[in-house]
Amino acid sequence: MSKQLPDVQATSPDVTVGLNRVGVTGVEKLVKLDRDERRPIVLMAEFEVYVDLPSWRKGADMSRNMEVIDETLEQAVSETAYRVEDVCGDAAERLLAKHEYTTEAEVRMEATYVTHDRTPASDRVTQSTADIIAAATATDDGTRETVGARVTGMTVCPCSQGMSESRARTTLEDLGVERETIDEFLDQVPQPGHSQRGHATLTIEADGSPDVDLTDVIDVARDSMSARIYNLAKRPDEDHMTYESHADAKFVEDCVRAMADGVVEQFEHLPDDAIVTMKQSNDESIHQHNAHAERVAEVATLRGEVNGHDEN
780 MSKQLPDVQA TSPDVTVGLN RVGVTGVEKL VKLDRDERRP IVLMAEFEVY
830 VDLPSWRKGA DMSRNMEVID ETLEQAVSET AYRVEDVCGD AAERLLAKHE
880 YTTEAEVRME ATYVTHDRTP ASDRVTQSTA DIIAAATATD DGTRETVGAR
930 VTGMTVCPCS QGMSESRART TLEDLGVERE TIDEFLDQVP QPGHSQRGHA
980 TLTIEADGSP DVDLTDVIDV ARDSMSARIY NLAKRPDEDH MTYESHADAK
1030 FVEDCVRAMA DGVVEQFEHL PDDAIVTMKQ SNDESIHQHN AHAERVAEVA
1080 TLRGEVNGHD EN
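Take any residue in the sequence shown, note its place counting from 1, add 779, and you have its number in our numbering.
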């Protein structure tokens, strides 16, 4: 006869303080997302799973959390038309239902997503990668889901470019070149500026599942920087990226604002209370530090600012 083991986690803690998040991190699972008339997307995803914990309970049921994740991902593999954020939402709702003591359950997921591109000048097929970000928070009032991506690109510093342009102008003047010719030359040939690899992050949160296509989110993030970058680049492609990036030099602040403009233009249908998070970080090439800027705002606020209707 088996002996009933004590449930130590259900006992009272020595210090009766409630906790916002208790759970597991670094859980790797294979997720298959089915698509209509196309091959399924297979992702190796890493999950974080949390519930809140009342002050009167010593611990959460870690094994139960893992059981729910396993059940949910197995369902995601077998059913069709799953979005990554819905995988998180389903798991969060199951967690909430299976833990009588919790009032909020949260599931987060990240995975590498591969997109197919064509190089900008040589027109060759290549692949690019983006980090998918998905999350969901479930309460008795409902579930809010988040979907987004983190992508890399190229930026050029407008400040250093301005100094290079000033030096070029002075040199051309000393050589006797007419001002009109100098203006035309500098307008057609962007001057050098120090460049850096940029990392743009864009996520959208809404009640239920955000009505956005993940590839559109990736495109808005990529287009917010000075230029896209490609895994495959022939010499004409390198020339194209160099020219394009210097023709559209941007600070990190400019990149975040470009993301905001892209969100307003691309996602006109989003509800006003959807929350957009935009971040830009640059690996500086001539400094030992990096540059960072971000903005979190409701869609209604972004629309007002981008369209010039901000009252502040």
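For each residue, glycine too, the CB sits at the ideal point set by N, CA and C.
Residue i in three-state terms, based on DSSP
| i | result |
| --- | --- |
| H978 | strand |
| R923 | strand |
| L798 | strand |
| V830 | strand |
| Q1059 | strand |
| I848 | helix |
| Q906 | strand |
| I997 | helix |
| M1020 | helix |
| G1087 | coil |
| V968 | coil |
| A824 | strand |
| I961 | helix |
| L1011 | coil |
| G932 | strand |
| G941 | helix |
Inter-residue spacing [alpha-carbon to alpha-carbon] between residue i and residue j
| i | j | result |
| --- | --- | --- |
| E952 | D966 | 16 Å |
| G1087 | L1081 | 10 Å |
| E1049 | V999 | At residue 1049 the sequence reads Leu, which differs from the Glu that was named. In a straight line, the C-alpha of L1049 is about 15 Å away from that of V999. |
| V821 | I848 | 17 Å |
| E924 | R800 | 17 Å |
| E872 | E889 | 19 Å |
| V828 | S834 | 19 Å |
| E1063 | H1025 | 16 Å |
| T934 | E984 | 27 Å |
| G1083 | E1077 | 10 Å |
| T882 | R836 | 13 Å |
| K1058 | G941 | 25 Å |
| E1032 | H1071 | 8 Å |
| D910 | S943 | 35 Å |
| N1061 | E963 | 31 Å |
| V956 | C936 | 27 Å |
| G972 | A915 | 41 Å |
| D986 | D1051 | 11 Å |
| V1043 | R1001 | 15 Å |
| D896 | A1012 | 12 Å |
Reference residue i, options the options, closest by Cα
| i | options | result |
| --- | --- | --- |
| S939 | H1071, E984 and A1028 | A1028 |
| V1035 | H1048, T1056, D1052 and P1015 | T1056 |
| P819 | H1019, S834 and Y892 | Y892 |
| V830 | R946, A1006, V1075 and A870 | A870 |
| R1007 | A1070, R976 and A985 | R976 |
| V866 | V968, E885 and S943 | E885 |
| R887 | G927, S901 and G1083 | G927 |
| V803 | F826, V810, P969 and R817 | F826 |
| T980 | R948, S907 and S1003 | S1003 |
| D813 | E846, E807, V863 and E850 | V863 |
| A1037 | L1011, R1014 and R1074 | R1074 |
| Q970 | T950, G987, V956 and D986 | T950 |
| R929 | T982, V806 and E959 | T982 |
Environment of residue i [buried if 16+ CB atoms lie within 10 Å]
| i | result |
| --- | --- |
| A917 | buried |
| Y1009 | buried |
| S974 | buried |
| A860 | Confidence at A860 is low in this model, with a pLDDT of 46, below 50, so the placement of that residue should be treated as unreliable; the coordinate-derived value is given next. Exposed is the call here. |
| D1016 | buried |
| G797 | exposed |
| V787 | With a pLDDT of 48 at V787, under the threshold of 50, the modelled position of this residue cannot be trusted, and the question is left open. |
| L954 | exposed |
| V810 | buried |
| S945 | exposed |
| R817 | exposed |
| I912 | buried |
| H878 | buried |
The ligand COA heavy atom lying under 6 Å from the CB of residue i
| i | result |
| --- | --- |
| A876 | As for the ligand COA, it is missing from this structure, which has no ligand bound. |
Short CB-CB distance (under 7 Å) between residue i and chain C
| i | result |
| --- | --- |
| D910 | This model lacks chain C altogether, as it is built from one protein chain only. |
Below 8 Å, can you find three or more Cβ-Cβ pairs linking the segment 987-994 to the segment 1017-1027?
-> no
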